[in-house]
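Here the structure comes first, spelled out in structure tokens, and everything after it is commentary.
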Amino acid sequence: MRLEWIEDILAVLKTGSLAQAAEARHRTQSAFSRRIAALEAYLGTELFDRKAKPLRPLPNVLAQEAEMRELVMRLQSLEQSLSAGSKSRRKTLTIAGSHSLATTQAPRLVEEIHAEFGLSVSVQSADRDQAILSLLSGEADFALFFQSAQSNEVLGRLDVDVAPMGQDLLLPVAAPPLWQRLQSQPRAPYPLITYPKDVFFGRLVSQKMAPLLMEDRPMDVVASTPLSHAVLQLVLQGTGIGWLPQSLISDQLDQGLLRVLPDPLPDIPLQLVLVRMAKMQKSENAKVWDYLTSKLRLSA
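Below, the structure written as structure tokens:
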């Protein structure tokens, strides 16, 4: 639990209203409500009875109120003590990036930000949903991730600024020996390396690809992992076929270590976006945002 999350809960307990708590926390009501909802999703449980007027905390929250208040005081005291011992500490900008981007595109962002602004940059590797939660909680300043080029339903419901940074493709690929075998045996099952359905790529592949696969030939799920790099290694060793961003596998494609599978397995267009909370427009990181979104484009 982050200090900010506990302070949000205590603000609601004090005011008995999401609207008043949002004002006390210097946020819009819609953004604060989404922040509480995201926290509840993270914890896997509801914190407040929203049907009650005024808003009523659930028993599990009330039982922890005293401990939360004590914890906030201790953390604030600790933070002040640590800050006092490092007056010359450098500002750190935090970027939450999806797993594949943390090693492909994020390094360029780090280089550009440090060269232009002299800032230290912390890169958090996270799934798209986790990156969004990091933004909502204030844990990250920016988030860098893929979204479907055809839809941005999730971001459209959030109080965020979204800047397109490039295009990519999610490609179905296999190692050459497996690719050759699948072409010569048109009824053989597809050995799949999948993403779990609770991560973005998993939902995307399931929605876009599963119907086509079932029409063409049987599926055999060999392994499942949320990490693109793990999918890549399994595909390279011939364990199965998998969907990977072109930006992640461009070298392997050029070297002939991977081959793109033909129809009926189409590629999926992706859009690379940089995201921040809209309330950060006047923050000290605004110049960094303006620089990145106006002068920098990332591509596959």
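Mapping of the sequence shown onto our numbering: position 54 corresponds to residue 54, and the numbering continues sequentially without gaps.
Even glycine gets a Cβ: it sits at the ideal position worked out from N, Cα and C.
CA-to-CA distance, Pro262 to Leu135, given in whole angstroms: Mapped onto the sequence shown, residue 135 falls at position 135. Mapped onto the sequence shown, residue 262 falls at position 262. Cα to Cα, Leu135 sits roughly 38 Å from Pro262.
Contact check, Leu169 vs Gln105, beta carbons under 7 Å: Indexing the sequence shown from 1 puts residue 169 at position 169. Indexing the sequence shown from 1 puts residue 105 at position 105. The answer is no: Cβ separation not under 7 Å.
Bounding residues of the beta strand (DSSP E) (the contiguous stretch that carries Thr104): Within the sequence shown, residue 104 is the residue found at index 104, counting from 1. That residue, Thr104, is in no beta strand (DSSP E); its alpha helix (DSSP H) goes His99 to Thr104.
C-alpha gap between Ser88 and Leu82, whole angstroms: As a working note, residue 88 is residue 88 in the sequence shown. As a working note, residue 82 is residue 82 in the sequence shown. Reliability of the predicted coordinates at Ser88 is poor, the pLDDT of 46 falling under 50, and no value is obtained from them.
Helix, strand or coil at Ala149 according to DSSP, with G and I counted as helix: Here the question's residue 149 lines up with position 149 in the sequence shown. Three-state DSSP puts Ala149 in coil, outside helix and strand.
Ala278 versus Lys14: straight-line alpha-carbon distance, rounded: By 1-based counting over the sequence shown, the position of residue 278 is 278. By 1-based counting over the sequence shown, the position of residue 14 is 14. The straight-line gap from Cα to Cα measures roughly 26 Å.
Residue span of the beta strand (DSSP E) that contains Ala163, given as start and end: In the sequence shown, counting from the first residue as 1, residue 163 sits at position 163. Where Ala163 is concerned, the enclosing beta strand (DSSP E) starts and stops at Val160 to Ala174.
Straight-line gap, Ser148 to Thr92 (C-alpha atoms, nearest Å): Walking along the sequence shown from the start, residue 148 turns up at place 148. Walking along the sequence shown from the start, residue 92 turns up at place 92. So the two alpha carbons sit approximately 30 Å from each other.
Pro57 versus Phe48: straight-line alpha-carbon distance, rounded: To locate residue 57, count along the sequence shown from 1; it is residue 57. To locate residue 48, count along the sequence shown from 1; it is residue 48. Rounded to whole angstroms, the gap between the alpha carbons of Pro57 and Phe48 is 4 Å.
Expected contact under 8 Å - CB spacing of Glu116 and Tyr291 to nearest Å: Against the sequence shown, residue 116 aligns to sequence position 116. Against the sequence shown, residue 291 aligns to sequence position 291. Taking 8 Å as the upper bound for CB-CB distance, Glu116 and Tyr291 are in contact here, some 6 Å apart.
Chain-order list of residues whose beta-carbon lies under 7 Å from that of Glu70 (same chain, five-residue window excluded): For the purposes of this step, residue 70 is taken as the residue at position 70 of the sequence shown. The answer is none, since no qualifying residue turns up.
Secondary structure of Thr94, DSSP reduced to three states: Mapped onto the sequence shown, residue 94 falls at position 94. Look at Thr94 here: in three-state DSSP terms it is strand.
Separation of Ser77 from Pro54, as counted between CA atoms: Position 54 of the sequence shown holds residue 54. Position 77 of the sequence shown holds residue 77. Each residue's alpha carbon lies about 32 Å from the other.
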